[in-house]
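Asks: Submitted below is the structure of interest, expressed as structure tokens.
There are 2 protein chains.
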Amino acid sequence: MSDRDIDTCDLQCIHEETVNKVRKALLSEETIMDLQNLYKVLGDGTRLSIMNALSLAEMCVCDVAAALGMSQSAVSHQLRVLKAARLVKYRREGKQVYYSLDDDHITQLLAVGLEHVRHQ
Amino acid sequence: MSDRDIDTCDLQCIHEETVNKVRKALLSEETIMDLQNLYKVLGDGTRLSIMNALSLAEMCVCDVAAALGMSQSAVSHQLRVLKAARLVKYRREGKQVYYSLDDDHITQLLAVGLEHVRHQ
DNA sequence: TGAACATATGAACAATCGTTCATATGTAAT
DNA sequence: ATTACATATGAACGATTGTTCATATGTTCA
């Protein structure tokens, strides 16, 4: 009963076995959405620049703004997005809030992308 | 002469040494743009689903459409984007065009993302 | 408590993006 | 050549997103 027909589409030329096999093995919609959100967050030049900067040193918000030539507001907004995606962590010290990459795993995430980009 | 002042921003609270050190070590704008484009392409549920499907089997366009319940047009449009980003490759056989992931490197790119997502 | 300052956030506007619909291209048979 | 069909592409519309501007929050020091 778990094997329903393909009801969403009536195209021809289908390799039914392959299609059915693949359908059963697909990642859950939720996982896809999580992945989508992760890569979407990384898919912005500003945020990548921030990540790049933070991979070089822990920095407070206005350091990041100065290093990248951006407004404080824009940086803060984007750090919020990065924080929500668990890509950066922060630490308060007096009036400043210091940001850094969440863990080494994140560095790897960037490294794999860099490898692909440079592999041209 | 390579060490210009910070002219784009006049914020206070700057750790000048850190900022200057980081500025010098930042990736080039071009590299950032390439990375942005890569992750932006991956930052879409439809394209991730297609990648997911192709990681399970080589498939022709209408197989992908059937497996994911999408229109042929939408799939074709997205495959074009994936192709441009060198994430998938294709092979013509008669009227069909078979797509698959470009190489093992791409599989790794997805795997690292998956790891992060599941690491919650 | 009040001033100074680092950071965060809300609203809004411009730009970007993914889909659909219609149609074009290209391949294989008759 | 003409028909059938798999795939590709162009235009356009609606939705999403990143920035700016204005302002709020929260911390330190006098």
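Top to bottom, those sequences are chains A and B. Here the first sequence is numbered in the working numbering, starting from 2 and rising by one per residue. Here the second sequence is numbered in the working numbering, starting from 2 and rising by one per residue. Ideal placement from N, C-alpha and C gives every residue a C-beta, glycine not left out.
1. Going along chain A, which residues have a C-beta under 9 Å from V82 (chain B)?
2. Taking any Cβ of chain A, which residues in the segment 35 to 51 of chain B have a Cβ under 7 Å from it, in chain order?
3. Determine the burial state of D45 (chain B): buried for a count of at least 16 other Cβ atoms within 10 Å of its Cβ, exposed for fewer.
4. Let me know the secondary structure DSSP gives Q97 (chain B) once reduced to three states.
5. Please tell me whether A75 (chain A) has its Cβ less than 8 Å away from any Cβ of chain B.
6. Between L43 (chain A) and I51 (chain B), what straight-line distance do the alpha-carbon atoms span, to the nearest angstrom?
7. Taking C-beta pairs closer than 7 Å, name the residues in chain A that A54 (chain B) reaches, listed in chain order.
8. Can you tell me whether V113 (chain A) is buried or exposed, with buried defined as 16 or more other CB within 10 angstroms of its CB?
9. For D64 (chain B), which residues in chain A fall below 7 Å Cβ to Cβ?
10. Since K90 (chain A) contacts S101 (chain A) with CB under 8 Å, what's their CB separation in whole angstroms?
11. Would you say Q79 (chain B) faces chain A, with C-beta separation under 8 Å as the test?
12. Helix, strand or coil for V118 (chain B)? Go by DSSP, reduced to three states.
13. Considering only the alpha carbon of each residue, which of B:R119, B:G95 and B:C63 lies closest to L80 (chain B)?
14. Give the single residue among A:Q121, A:E59, A:D103 and A:R119 whose Cα lies nearest to the Cα of H120 (chain B).
15. List the DSSP bridge partners of M34 (chain B).
16. For I15 (chain B) and A67 (chain A), which I take to be in contact (beta-carbon distance under 8 Å), what is that distance rounded to the nearest angstrom?
17. What are the start and end residues of each continuous beta strand (DSSP E) run of 3 or more residues lying completely inside the segment 36 to 105 of chain A, in chain order?
18. Does any residue of chain A have a CB that is nearer than 8 Å to the CB of T32 (chain B)?
19. For L88 (chain B), which residues of its own chain have a beta-carbon under 6 Å away from its beta-carbon, when the five flanking residues on both sides are left out?
20. As a quick exercise: from B:L57, B:R92, B:T47 and B:K22, pick the residue whose alpha carbon is nearest that of S74 (chain B).
21. Could you tell me the alpha carbon to alpha carbon distance between K41 (chain A) and M60 (chain B), rounded to whole angstroms?
22. Quick one: list the residues of chain B neighbouring E94 (chain A), beta-carbon separation under 9 Å, in chain order.
Replies: On the basis of the coordinates in this document:
1. In chain order: nothing, as chain A lies at least about 12 Å away.
2. Residues of the segment 35 to 51 of chain B with a C-beta atom less than 7 Å from some C-beta of chain A are D35, L36, Q37, L39, Y40, K41, L43, G44, D45, G46, L49 and S50, listed in chain order.
3. buried
4. Q97 (chain B): strand per DSSP, three-state reduction.
5. no
6. 19 Å
7. V23 and L27
8. buried
9. I15, H16, T19 and V20
10. 6 Å
11. no
12. helix
13. The shortest Cα separation from L80 (chain B) among B:R119, B:G95 and B:C63 belongs to B:C63.
14. Closest by alpha carbon: A:D103.
15. Paired residue(s): none; M34 (chain B) is not in a bridge.
16. 5 Å
17. 89 to 94 and 97 to 102
18. yes
19. D103 and I107
20. Comparing Cα-Cα distances from S74 (chain B) to each of B:L57, B:R92, B:T47 and B:K22, the minimum goes to B:T47.
21. 26 Å
22. Correct list: empty, because the minimum Cβ distance to chain B is about 12 Å.
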